[in-house]
Amino acid sequence: MTTNRSRHTILAAGSAVAISWALLAPTGAAAQDTGEAPPGPDVTVLARHADFTDDIQLRIRRSLDGGPTQVLNLRDPGHIVVARVELAPGAAFPWHTHPGPVVISVAEGDLVYQQSTDCRKRDYGPQEALVDPGDIVHTAWNDGDVPTVLYATFYDVPADGAPTIPADRQDGWCEANVGTGRTAV
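Residue numbers (my numbering): -1 to 183.
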């Protein structure tokens, strides 16, 4: 039986997820060419703030392009949100971070992922996965002709917090806009 307190927690978590996705409105070539934003990401939350009943420790090792290894120790891997995200062609997420790491699986289409630390565009196709460490400001976009479908598991999301945190663009970050060759906004 669900208590009033847990109902309120679930409702607050759902609201935080919806608000955080609204903050990640897409930008891209279509928005700049026509003055209209392309369709936003279609997000379906599959699991809100699931918790492990057992004592779980999780460590992720990540090395992009053979670079240095980054070790991510999750504070509480049980605070997770799982979502299905669909990005229309030309849609992009503005620069943002997350409270913790995100494991992303590309189910359909292609995704371009770019971090502010090195500005390298990394392409991921169907049946490929990536780990976003969460604390690095980044963007991602669909530069293909078909929708991109992602499944994302967000870790370390506070019960009353959002899985995404918008970041203001800073001078010096990746001057080429997400797939358009224009100055990023």
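Just so you know, even glycine gets a beta-carbon here, dropped at the ideal spot from N, CA and C.
Item to check | Per-residue burial, VAL144 [other beta carbons within 10 Å of its own, 16 or more giving buried] | outcome: Label assigned to VAL144: exposed.
Checklist entry - Name the DSSP bridge partner or partners of ARG120? => result Under DSSP, ARG120 takes part in a beta bridge, and its partners are TYR111.
Next on the checklist: Based on DSSP bridge pairs, tell me the residues matched to VAL83.
Outcome noted: Per DSSP, the beta-bridge partners of VAL83 are VAL41 and LEU148.
Checklist entry - How about ASN140 and ALA86: are their beta carbons less than 8 Å apart? => result Going by C-beta atoms, ASN140 is nearer than 8 Å to ALA86.
Checklist entry - What's the gap between the Cα of ASP166 and the Cα of VAL135? => result The C-alpha of ASP166 lies about 9 Å from the C-alpha of VAL135.
Next on the checklist: Quick check: what's the CA-CA separation for THR95 versus ASP130?
Outcome noted: Taking the straight line from one Cα to the other gives about 9 Å.
Checklist entry - Does the region 150 to 158 come close enough to the region 73 to 83 that 3 or more CB-CB pairs lie under 8 Å? => result Put simply, the region 73 to 83 touches the region 150 to 158. At least three CB pairs are less than 8 Å apart.
Next on the checklist: Just verifying my parser: in three-state terms, what is the DSSP assignment at ASP53?
Outcome noted: Coil, per DSSP.
Checklist entry - DSSP puts HIS136 in a beta bridge; with which residues? => result Answer is HIS94 and GLN113, bridged to HIS136.
Checklist entry - Can you tell me whether DSSP reads ASP63 as helix, strand or coil? => result Helix at ASP63.
Next on the checklist: Buried or exposed, going by whether 16 or more other CB atoms sit within 10 Å of the CB of ALA160?
Outcome noted: So ALA160 counts as buried.
Checklist entry - Using the C-alpha atoms, what's the distance from VAL41 back to GLY88? => result In this structure, the alpha-carbon of GLY88 lies about 16 Å from that of VAL41.
Checklist entry - ALA127: which of THR67, LEU62, LEU70 and SER114 sits nearest, CA to CA? => result Per the Cα distances, LEU62.
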